[in-house]
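Worksheet for the structure shown next.
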Amino acid sequence: MNLIEFVLAKGCLILPTQQLSTFTAAETVLEELRRRQPLTQCITNSVVTNFTANVLLATGAKPAMVDIVGEAGIFASIAGGVLINVGTPNPEQRLAALEAAAATESWVLDPVAVGALPIRTTLARDLLVHRPAIIRGNASEILGLAGASAGGRGVETTDEAESALEAAGELARNYGSVVAISGVIDIITDGTRVARVTGGHTVMTLVTGVGCSLGSVMAAMLGVTDPFSAAVAASVLYSAAAERACEVSELPGKFAVEFVNALACIPSSELDSESRVAFA
Amino acid sequence: MNLIEFVLAKGCLILPTQQLSTFTAAETVLEELRRRQPLTQCITNSVVTNFTANVLLATGAKPAMVDIVGEAGIFASIAGGVLINVGTPNPEQRLAALEAAAATESWVLDPVAVGALPIRTTLARDLLVHRPAIIRGNASEILGLAGASAGGRGVETTDEAESALEAAGELARNYGSVVAISGVIDIITDGTRVARVTGGHTVMTLVTGVGCSLGSVMAAMLGVTDPFSAAVAASVLYSAAAERACEVSELPGKFAVEFVNALACIPSSELDSESRVAFA
Amino acid sequence: MNLIEFVLAKGCLILPTQQLSTFTAAETVLEELRRRQPLTQCITNSVVTNFTANVLLATGAKPAMVDIVGEAGIFASIAGGVLINVGTPNPEQRLAALEAAAATESWVLDPVAVGALPIRTTLARDLLVHRPAIIRGNASEILGLAGASAGGRGVETTDEAESALEAAGELARNYGSVVAISGVIDIITDGTRVARVTGGHTVMTLVTGVGCSLGSVMAAMLGVTDPFSAAVAASVLYSAAAERACEVSELPGKFAVEFVNALACIPSSELDSESRVAFA
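Chains as they are written, first to last, in the working numbering: chain D, 1 to 280; chain W, 1 to 280; chain E, 1 to 280.
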């Protein structure tokens, strides 16, 4: 009698095997998100709240910025996914973030400037205890977070996603997380599998909140699929939507408007994840 | 000698009777707002501050986001109207909100997610003591607020404005408020009169801050007319401006831009309140 | 042996004389900013964080909204320039502002509504002790700040920049600051020199954050030039970019988008500072 037969004999539910080894393509994830409209909680920095909410609404999720002590945990326990972004972590938000992280397993950590600034570095270390489903940041932040959790490796100033791949793998294995490194090519790893997502455009770095809102879309997608598929699907969606927006304008003011439009109307077939994603 | 003759004989001012029974059409309210540019204070959630300020400026009001303890009350006492929106009520803002509500009668309560989350539900109950001129929310929020004030009716999950009409009437009579329920058809009641406003477009639900900023426009209009006329006029303006914006785009990014444009340039005649408003 | 020969004989560096008397034209300042991309810290109000970050990114700077106690001072000591705007000064931000102002000389004070509201008036007085490189506000705010620092001159309600010129000169001499008064014509003075910058468009007053973000661009330019040249160059850039944006639209929603676009793509030659700036 193997394990599955044993569990079935006891009348237990079998956990969906997709959580362990299968992969859901971005096209399917986006369709599911639009169909199920997951409630997505954001505890995020004051610069990007508006853009993040508009991105989530356009993508098809239901955003809620519940970042108050006494409410953040309650809400996290019913949300489909939660984003915790430590970009402007005032004392109230720090406590609310810890409250939310303790209340759900379906959450994304965005370690903005972790490693470089002390308050948020301590906060991120405390948050890691609650094992985020996904960690999303640029290479410096992933290196900073790995350094913080290892007790002092420090931050490197490079911007190349590849330079943070080893640290990402370590974080992934230590905390059971999927780690997404944003860069010209996005890299997503669960410590075993590695996916690289190409596409997008440099104007994305000239609009504040593009990276932060990517974390929120990953949180929304946690409401409909597993962490690895969610992180890859969000990256693919951003690449495809950015390219569509750039057909109208490559200037940052207008690009930001058209990017939101693209998220709202892009057909899932246009994600073309087969050509955008390479697995290693 | 009747009351009016008595008061006139004493040299007193007669209160404008419109406060009691007459109604000012949206066209006139908008013209007055543009002429008098009322100072409009907003204590609102962190997601929509920017959009709200831009909406108020475009409409013709002068916004000021004074939400600090020690300043909120002082400012409320000189503002033409005050919006208190409990969407992200951190401790400082909660105290500032109570300070402002105590300092003016010319204020709007937006009970975001009241009934569903505890901190803001308690806050809203404390704020009600100061008798808002207008309460604006969706059906769930109006039901949640009525439940909170009645001690536990709870929140229903419906989205139909009609389902909250009875609760709205009760709130209106208990607190001397005008209650505006946002929905596909907006309903406004003072506990006796009921107005229904048609128009608008579903894309409005895909742009964060459309509902919240509607509350701020009602607050601005309190600076130039009575609460019932203000609530109806703001609803009519939003319907007409949204339709104008949709002629350019029905996608949320561009719609948001064009909606602000429409508020800035719509001729008052285009409000066409006679065809948009039905009284019962 | 004169002072310079004395210093050279000791092998010391000579301070660049431009700090004392020369002037760098806006064209050159913008080119330097785009080349060196100065790290620009903003401690600013909750209404304009997003717009401010997008303006800085479009102009070519690297924004960071570090406004937390325990981080603000550390970051200020490495930033090229720091903006402190007291528009929504909650207790945490007040302490963070003082921490940052103490840690750098390269900072801009924007005294939003100072003179009119008590908490921020006290804060601004405390901040002045740290001698801002630039003070930027409208006429009422400059008069309010001068009144606060002089112990009670009070606020005048005029909007004409000229009416605040005397107060600006006093502030400049007392605190070693450059003072920039925003108005139809912007006036910049260091207490000796006076520059007037023409151009721009009235739609700029209908978009929230245009004035606040101007302060942030001055802070960014402090990272590449002296305070007087920085303040003049930022004003010139805003006039030229606004005129370019108005060629597309004079309505506030679309103007805001096109203004960001203009900042990102305007050739430095289009600033035409010779025709925009008059010195007295």
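Built from N, CA and C at the ideal position, the CB exists for glycine as well.
**Report entry** Completely contained beta strand (DSSP E) runs for the region 52 to 92 of chain D, where each covers 3 or more residues
**Finding:** Whole beta strand (DSSP E) segments, 3+ residues: 62 to 64 and 81 to 85.
Query raised in the report: Would DSSP call W/ASP126 helix, strand or coil?
Result: Counting from 1 along the second sequence, the entry for residue 126 of chain W is found at position 126. The answer is helix: DSSP assigns W/ASP126 an H, G or I state.
Requested in this report: Can you say whether W/ALA280 is buried or exposed, counting buried as having 16 or more other CB atoms within 10 angstroms of its CB?
Outcome: Here residue 280 of chain W refers to the residue found at position 280 of the second sequence. When all chains shown are included, W/ALA280 counts as exposed.
Query raised in the report: Which chain W residues are close to E/GLY209, counting only those with a beta carbon under 9 Å from its beta carbon?
Result: Here residue 209 of chain E corresponds to residue number 209 of the third sequence, with the count starting at 1. Residues of chain W whose Cβ lies closer than 9 Å to the Cβ of E/GLY209 are, in chain order, ASN50, ALA53 and ASN54.
Requested in this report: From the DSSP output, in three-state form, read off D/ARG193 for me.
Outcome: Your numbering for residue 193 of chain D matches position 193 in the first sequence. In the structure shown, D/ARG193 sits in coil (DSSP, three-state: anything other than H, G, I, E or B).
Query raised in the report: Which residue or residues does DSSP assign as beta-bridge partners of W/LEU117?
Result: By 1-based counting over the second sequence, the position of residue 117 of chain W is 117. BP columns for W/LEU117 point to W/VAL114.
Query raised in the report: Among E/ALA172, E/ARG35 and E/ASP186, which residue has its Cα nearest to the Cα of E/ALA161?
Result: Within the third sequence, numbered from 1, the residue matching residue 161 of chain E stands at position 161. Shortest Cα-Cα distance from E/ALA161 to any of E/ALA172, E/ARG35 and E/ASP186 involves E/ASP186.
Requested in this report: Leaving aside the five residues before and after E/GLU71 along the sequence, list all residues of the same chain whose C-beta is less than 8 Å from its C-beta, in chain order.
Outcome: For the purposes of this step, residue 71 of chain E is identified with residue 71 of the third sequence, where counting begins at 1. ALA96.
Query raised in the report: So is E/CYS265 in contact with chain D if we call contact Cβ pairs under 8 Å?
Result: What you label residue 265 of chain E is simply residue 265 of the third sequence in a count that begins at 1. Taking Cβ atoms only, chain D reaches closer than 8 Å to E/CYS265, which makes this a yes.
**Report entry** Residue environment, D/ILE299, which counts as buried when at least 16 other CB atoms sit within 10 Å
**Finding:** Limits of chain D in this structure are 1 at one end and 280 at the other, which puts residue 299 of chain D out of reach.
Query raised in the report: Leaving out the 5 sequence neighbours to the left and right, which residues in its chain are closer than 8 Å to W/LEU165 when beta-carbon positions are compared?
Result: Along the second sequence, one-based indexing puts residue 165 of chain W at 165. Correct list, in chain order: ILE181, ILE187, THR189 and VAL194.
Query raised in the report: Alpha carbon to alpha carbon, how far is E/THR157 from D/GLY137?
Result: Along the third sequence, one-based indexing puts residue 157 of chain E at 157. Along the first sequence, one-based indexing puts residue 137 of chain D at 137. Note that E/THR157 has pLDDT 44, beneath the 50 cutoff, so the model's placement of it is unreliable and the number below is only indicative. Their backbone Cα atoms lie some 47 Å apart in a straight line.
Query - For D/PHE228, three-class secondary structure by DSSP - result: Within the first sequence, residue 228 of chain D is the residue found at index 228, counting from 1. When secondary structure is reduced to three states using DSSP, D/PHE228 falls in the helix class.
Query raised in the report: Cα-Cα, which of W/ALA231, W/VAL236, W/MET218 and W/THR208 is closest to W/GLY200?
Result: For this step, residue 200 of chain W is matched to residue 200 along the second sequence. Comparing Cα positions, the closest option is W/VAL236.
**Report entry** Selection from D/ASN54, D/PHE75, D/THR44 and D/THR208 that minimises the alpha carbon distance to D/ARG94
**Finding:** Counted from its first residue, the first sequence places residue 94 of chain D at position 94. Closest by alpha carbon: D/THR44.
Query raised in the report: Does the region 36 to 52 of chain D come within contact of the region 219 to 235 of chain D, defined as at least 3 CB pairs closer than 8 Å?
Result: When Cβ pairs closer than 8 Å are counted between the two stretches, the region 36 to 52 of chain D is seen to touch the region 219 to 235 of chain D, the count reaching three or more.
Report task. Check the Cβ-Cβ distances between W/ASN261 and every residue of chain D, and say whether any is below 8 Å. Result -> Position 261 of the second sequence, counted from the first residue, corresponds to residue 261 of chain W. Not closer than 8 Å to any Cβ of chain D, the Cβ of W/ASN261 fails to qualify, so no.
Report task. Could you check which residue in W/ALA53, W/ILE84, W/GLU258 and W/CYS42 has the C-alpha nearest to that of E/GLU250? Result -> Locating residue 250 of chain E in the third sequence gives position 250, counting from the first residue. Ranking W/ALA53, W/ILE84, W/GLU258 and W/CYS42 by Cα distance to E/GLU250 puts W/GLU258 first.
Requested in this report: With DSSP as the reference, label E/LEU251 as helix, strand or coil.
Outcome: Within the third sequence, residue 251 of chain E is the residue found at index 251, counting from 1. Coil.
Query raised in the report: If you draw a straight line from the alpha carbon of D/PHE255 to that of E/GLN41, how long is it in whole angstroms?
Result: Residue mapping note: residue 255 of chain D aligns to position 255 of the first sequence, counting from 1. Residue mapping note: residue 41 of chain E aligns to position 41 of the third sequence, counting from 1. If you take the alpha carbons of D/PHE255 and E/GLN41, they lie about 24 Å apart.
**Report entry** Neighbour list for W/ASN85 in chain D, Cβ cutoff strictly below 8 Å
**Finding:** As a position in the second sequence, residue 85 of chain W is number 85, starting the count at 1. Result: empty, since nearest Cβ-Cβ is about 12 Å, beyond 8 Å.
Query raised in the report: Does the beta carbon of D/LEU253 come closer than 8 Å to any beta carbon on chain E?
Result: Working through the first sequence from its first residue, we reach residue 253 of chain D at position 253. It should be noted that the sequence gives Gly, not Leu, for residue 253 of chain D. Interface criterion met: the Cβ of D/GLY253 is under 8 Å from a Cβ in chain E.
Query raised in the report: What number of angstroms, rounded off, separates the C-alpha of E/VAL178 from the C-alpha of D/PHE228?
Result: Taking the first residue of the third sequence as position 1, residue 178 of chain E is located at position 178. Taking the first residue of the first sequence as position 1, residue 228 of chain D is located at position 228. Roughly 53 Å separates the two Cα atoms.
Query raised in the report: Between D/SER46 and chain W, is there a C-beta pair that is closer than 8 Å?
Result: Sequence index remark: in the first sequence, residue 46 of chain D carries index 46 (1-based). Yes, its Cβ sits closer than 8 Å to a Cβ of chain W.
Requested in this report: Write down the C-beta distance between W/ALA241 and W/LEU263 rounded to the nearest angstrom, noting that I regard them as a contact closer than 8 Å.
Outcome: Reading the second sequence from its first residue, position 241 is the one you call residue 241 of chain W. Reading the second sequence from its first residue, position 263 is the one you call residue 263 of chain W. Rounded, the Cβ-Cβ distance is 5 Å, consistent with contact.
Requested in this report: Could you give the DSSP three-state label for E/TYR175: helix, strand or coil?
Outcome: For this step, residue 175 of chain E is matched to residue 175 along the third sequence. In the structure shown, E/TYR175 sits in a helix (DSSP, three-state: H, G or I).
Query raised in the report: Hey, does D/PRO63 have any beta-carbon neighbour from chain E nearer than 8 Å?
Result: Indexing the first sequence from 1 puts residue 63 of chain D at position 63. The beta-carbon of D/PRO63 is placed no less than 8 Å from the nearest beta-carbon of chain E.
Query raised in the report: Cβ of W/PRO89 less than 8 Å from any chain D Cβ?
Result: In the second sequence, the residue the question calls residue 89 of chain W occupies position 89. Contact with chain D is found for W/PRO89, since one of that chain's Cβ atoms lies less than 8 Å from the residue's Cβ.
Report task. With D/ARG136 as the anchor, note down where its beta strand (DSSP E) starts and where it stops. Result -> One-based indexing of the first sequence puts residue 136 of chain D at position 136. D/ARG136: member of the beta strand (DSSP E) spanning 134 to 138, first to last residue.
**Report entry** Sequence-distant residues of its chain with Cβ nearer than 7 Å to D/ILE266 (five each side left out)
**Finding:** The residue given as residue 266 of chain D occupies position 266 in the first sequence. Around D/ILE266: ALA240, ALA241 and ARG244.
Query raised in the report: Taking the alpha-carbon positions, what's the E/PRO63 to E/SER268 distance?
Result: For the purposes of this step, residue 63 of chain E is taken as the residue at position 63 of the third sequence. For the purposes of this step, residue 268 of chain E is taken as the residue at position 268 of the third sequence. The straight-line gap from Cα to Cα measures roughly 21 Å.
**Report entry** Host alpha helix (DSSP H) of D/LEU214 (start-end)
**Finding:** Here residue 214 of chain D refers to the residue found at position 214 of the first sequence. Boundaries of the alpha helix (DSSP H) around D/LEU214: 210 to 222.
Query raised in the report: How would you label E/VAL184, buried or exposed, when you count the other beta carbons within 10 angstroms and need 16 or more for buried?
Result: Mapped onto the third sequence, residue 184 of chain E falls at position 184. Classification for E/VAL184: exposed.
Query raised in the report: Under 8 Å between the Cβ atoms of W/LEU83 and W/VAL108?
Result: As a working note, residue 83 of chain W is residue 83 in the second sequence. As a working note, residue 108 of chain W is residue 108 in the second sequence. For W/LEU83 and W/VAL108, yes; Cβs fall inside 8 Å.
Requested in this report: With W/LEU271 as the anchor, note down where its beta strand (DSSP E) starts and where it stops.
Outcome: If you number the second sequence from 1, residue 271 of chain W lands on position 271. No beta strand (DSSP E) holds W/LEU271; DSSP gives it neither H nor E.
Query - Nearest candidate by alpha-carbon position, reference E/ASN50, set E/GLU92, E/ILE134 and E/VAL210 - result: Counted from its first residue, the third sequence places residue 50 of chain E at position 50. Ranking the options by Cα distance to E/ASN50, first place goes to E/VAL210.
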